[in-house]
Amino acid sequence: MNRPGFPFGSAMNKYILNNSAYQQWFASRFTVTTFANEMKWYTNEYAPGKDNYFEADGMLQYAKKNNIDVRGHNIFWDDPAYQPYWVNSLSPDQLNSAAENRVNSVVSRYKGQLIGWDVVNENLHFSFFESKLGQKFSARMFNEVHNIDGQTTLFLNEYNTIEDSRDGLSSPPSYIQKIKEIQSSNKQLPLGIGLESHFPNSPPNLPYMRASLDTLTATGLPVWITELDVANQPNQVEYFEQVLREAHSHSGIQGIVMWTSFSPEDCKICLVDNNFKNLPAGDVVDKLISEWGRKTVSGTTDENGFFKASLFHGDYEMKISHPVKKNYTFTHQLQVLSKDKSKKTTQFIQLSI
Numbered sequence: 001m002n003r004p005g006f007p008f009g010s011a012m013n014k015y016i017l018n019n020s021a022y023q024q025w026f027a028s029r030f031t032v033t034t035f036a037n038e039m040k041w042y043t044n045e046y047a048p049g050k051d052n053y054f055e056a057d058g059m060l061q062y063a064k065k066n067n068i069d070v071r072g073h074n075i076f077w078d079d080p081a082y083q084p085y086w087v088n089s090l091s092p093d094q095l096n097s098a099a100e101n102r103v104n105s106v107v108s109r110y111k112g113q114l115i116g117w118d119v120v121n122e123n124l125h126f127s128f129f130e131s132k133l134g135q136k137f138s139a140r141m142f143n144e145v146h147n148i149d150g151q152t153t154l155f156l157n158e159y160n161t162i163e164d165s166r167d168g169l170s171s172p173p174s175y176i177q178k179i180k181e182i183q184s185s186n187k188q189l190p191l192g193i194g195l196e197s198h199f200p201n202s203p204p205n206l207p208y209m210r211a212s213l214d215t216l217t218a219t220g221l222p223v224w225i226t227e228l229d230v231a232n233q234p235n236q237v238e239y240f241e242q243v244l245r246e247a248h249s250h251s252g253i254q255g256i257v258m259w260t261s262f263s264p265e266d267c268k269i270c271l272v273d274n275n276f277k278n279l280p281a282g283d284v285v286d287k288l289i290s291e292w293g294r295k296t297v298s299g300t301t302d303e304n305g306f307f308k309a310s311l312f313h314g315d316y317e318m319k320i321s322h323p324v325k326k327n328y329t330f331t332h333q334l335q336v337l338s339k340d341k342s343k344k345t346t347q348f349i350q351l352s353i
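Here the sequence shown is numbered in UniProt numbering, starting from 1 and rising by one per residue.
Shown next as structure tokens:
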């Protein structure tokens with residue numbers, strides 16, 4: 001396999017811009033990323049009217065060069081604690097104008113370059129913008145983003161929906177109700193469901209996780225795991241592997257991004273040390289990448305020239321060698337797609353020897 005079809009990746013941060021070891025380690029493993037902080041409003045417009053996309057631009061350039069897809073995270077964050085410092089003192093009219101400028105600035109800049117936007121982050125738990133600009137703020141912003149970047153999936157993004165059954169604010173029914181509220185303004189919006197998946201310091205409730213995913217994927221919308229990590233605890237790595245396997249095994253999940261960006265100071269769940277040598281969680285990730293398709297499959301055709309193999313979705317290079325004529329080796333590119341999971345694909349290759 002040259003490239004897996006299932007998007008699996010990790011958050012990254014600005015440290016990657018000047019760290020070749022970080023760059024090589026990341027590109028050799030992951031096909032999708034989210035910028036941890038570099039595309040958030042408080043980074044892009046630290047001072048009013050002074051946009052700064054230097055780090056985000058550089059990270060996007062690196063991602064494109066290495067064929068890594070990028071999720072846009074995030075346009076707005078409804079938590080009052082994570083606003084640009086100057087936003088809190090704005091009047092409603094000033095805030096509305098600033099929000100409009102934010103959409104026009106970041107979405108226009110990255111239009112057509114991302115696979116998704118987290119439009120209003122965590123607005124089941126918080127209501128900074130709604131409390132000041134009205135309950136229809138979220139729906140209005142989704143529509144404005146869509147008007148600028150019409151081909152990109154627009155996500156809600158929430159925590160505790162699959163990881164904590166006690167949190168009714170973001171339960172699957174609450175999440176779906178919010179989806180319907182936004183859809184009521186425009187049935188044509190290309191919405192997606194983002195599940196942060198920050199698992200607490202207790203054993204994961206896998207049956208609840210599975211049932212929640214069943215409920216959410218039944219909407220027919222794209223469902224992504226967007227920020228997966230597990231709190232520090234004695235069995236952290238074991239639980240990390242459990243939730244990764246549970247998410248990947250669910251047929252409705254269309255991608256997984258782990259919240260495991262490298263930091264020389266600290267990280268919640270570190271995959272590598274400062275020399276980019278694997279820590280236990282990194283060993284888990286490499287093992288799963290191998291299991292999920294990045295390994296060699298070999299075999300011999302039968303007397304009729306047929307060879308059967310079960311393959312994960314992705315891009316493959318086939319090497320075909322004659323058993324006797326050692327100099328006869330052919331290569332063929334093969335793509336296994338997921339568009340119709342009910343049909344098996346038979347690839348016929350005619351060789352002249």
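All C-beta atoms, glycine included, are put in the ideal place defined by N, C-alpha and C.
Secondary structure at residue i, three-state DSSP: helix, strand or coil?
| i | result |
| --- | --- |
| residue 389 | Nothing can be reported for residue 389, as the shown portion of the chain is limited to 1 through 353. |
| Y130 | This sequence places Glu at residue 130; Tyr is not what is there. E130 falls in the helix class under three-state DSSP. |
| N157 | strand |
| D167 | coil |
| L17 | helix |
| F30 | coil |
| I193 | strand |
| I162 | coil |
| N121 | strand |
| A218 | coil |
| K319 | strand |
| F6 | coil |
| A139 | helix |
| S342 | The predicted position of S342 is uncertain, since its pLDDT is 41 and thus under 50; a value taken from the coordinates is nonetheless stated next. S342 falls in the coil class under three-state DSSP. |
| M39 | coil |
Report yes or no: is there a C-beta of chain B within less than 8 Å of the C-beta of residue i?
| i | result |
| --- | --- |
| N327 | You won't find chain B in this structure, because it holds only one protein chain. |
To the nearest angstrom, how far is it from the Cα of residue i to the Cα of residue j?
| i | j | result |
| --- | --- | --- |
| L271 | T34 | 16 Å |
| S38 | Q177 | The sequence shown places Glu at residue 38, not Ser. Rounded to whole angstroms, E38 to Q177 spans 30 Å at the Cα level. |
| A231 | V284 | 16 Å |
| R102 | T300 | 58 Å |
| K64 | E122 | 28 Å |
| S342 | P280 | The pLDDT assigned to S342 is 41, lower than 50, so where the model puts this residue is not dependable; a value taken from the coordinates is nonetheless given after this. Going from the Cα of S342 to the Cα of P280 covers about 37 Å. |
| S89 | N74 | 21 Å |
| D57 | Q23 | 15 Å |
| N278 | Q94 | 48 Å |
| Y239 | K50 | 43 Å |
| L17 | N327 | 44 Å |
| E181 | L191 | 12 Å |
| L169 | K308 | 48 Å |
| R29 | P92 | 45 Å |
| P48 | N104 | 15 Å |
| M258 | L288 | 13 Å |
| I269 | D286 | 15 Å |
| M59 | D214 | 34 Å |
| I148 | A99 | 15 Å |
| Y85 | W41 | 10 Å |
| L124 | E158 | 7 Å |
| K319 | R71 | 34 Å |
| N160 | N205 | 12 Å |
| G220 | G9 | 23 Å |
| Q236 | Y208 | 19 Å |
| L216 | A36 | 25 Å |
| N274 | Q233 | 21 Å |
| N19 | D302 | 49 Å |
| N52 | L114 | 18 Å |
| P323 | G116 | 47 Å |
| Y110 | L156 | 18 Å |
| V243 | E265 | 26 Å |
| E241 | G5 | 20 Å |
| N201 | N66 | 35 Å |
| L154 | Q183 | 11 Å |
| G282 | P203 | 20 Å |
Hey, residue i and residue j are a contact pair by Cβ (cut 8 Å); roughly how many whole angstroms apart?
| i | j | result |
| --- | --- | --- |
| V119 | F76 | 7 Å |
| V112 | Q151 | Here residue 112 is Gly; the residue named in the question, Val, does not match the sequence. Yes, G112 and Q151 are in contact; Cβ-Cβ is about 7 Å, under 8 Å. |
| G252 | V297 | 26 Å between Cβ atoms; not a contact. |
| S127 | P172 | Wrong, their Cβ atoms sit about 20 Å apart, outside the cutoff. |
| T31 | I68 | 6 Å |
| A27 | F276 | Wrong, their Cβ atoms sit about 12 Å apart, outside the cutoff. |
| A11 | S261 | 4 Å |
| K14 | E55 | 5 Å |
| residue 431 | G255 | This structure leaves residue 431 out entirely; the chain is present only between 1 and 353. |
For the ligand FMN, is there any heavy atom lying closer than 7 Å to the beta carbon of residue i?
| i | result |
| --- | --- |
| F142 | In terms of ligand content, the structure shown is empty, and the ligand FMN therefore cannot be addressed. |
- Query: Taking three-plus beta-carbon pairs below 8 Å as touching, is the segment 187-205 in contact with the segment 213-230?
  - Reply: Contact holds: three or more Cβ-Cβ distances are below 8 Å.
- Message: Just to confirm the assignment: which complete alpha helix (DSSP H) runs, minimum length 4, are found wholly within the segment 49-117?
- Response: Listed in chain order, the alpha helix (DSSP H) elements of length 4 or more contained wholly in the segment 49-117 are 54-65 and 92-110.
- Message: Could you check whether the segment 74-85 touches the segment 125-137, counting it as contact only if at least three pairs of C-beta atoms, one from each stretch, sit closer than 8 Å?
- Response: In short, these stretches touch, since the Cβ pair count reaches three.
- Could you tell me whether the segment 136-145 touches the segment 157-177, where touching means 3 or more Cβ pairs closer than 8 Å? Touching, no.
- Go through the segment 223-302 residue by residue and report every complete run of the beta strand (DSSP E) that reaches 3 residues or more, in order. Within the segment 223-302, the runs of beta strand (DSSP E) that reach at least 3 residues and sit entirely inside it are, in chain order, 223-230 and 253-258.
- Message: Taking 8 Å as the cut-off, does the segment 181-191 touch the segment 233-251 (at least 3 CB pairs, one atom from each stretch)?
- Response: Verdict: no, contact absent.
- Message: So, does the segment 163-171 touch the segment 141-155, judging by three or more C-beta pairs under 8 Å?
- Response: The segment 163-171, when compared against the segment 141-155, does not touch it at the 8 Å Cβ threshold.
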